[in-house]
C-alpha cells in the first residue's frame, strides 16, 4: 500500500500551491473559517445574530450570510464585526516586493 502525505493529496486533487485552483480553494477555506469563528465568538458573547447586526448597523440576514459564507463581505464589514465582538484585529498584506502589517 502506498502512503501519501496531505500535501501530495492536495496537490493532486486541488492543484499545486500557487496555482489559481489552489489559491481559490485556500481563499474559500479561509473565508469559511472566518465565518465559523464569527459565529462561535458571537455565541460565546451571548449575542444573537440580530443583536450583532444592530451593533454594526446591518440586518440579521447579513450576519447569517457572513457566518455561512464570508467570501462576499467587505473588509469594512469584517472590521466592524470583529470590533463589535471585541476581537484584536491584525491585517498582514504581502505583495511582490512589499509587506504591510496593520493592527
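In this note's numbering, the protein residues as written are 13 to 115.
For every residue, glycine included, the Cβ atom is placed at its ideal position computed from N, Cα and C.
{"Query": "Range of the contiguous beta strand (DSSP E) that encloses residue 107", "Result": "103-107"}
{"Query": "Per-residue DSSP class, three states only, for residue 95", "Result": "helix"}
{"Query": "DSSP three-state assignment for residue 71, whether helix, strand or coil", "Result": "coil"}
{"Query": "Three-state secondary structure (DSSP) of residue 27", "Result": "coil"}
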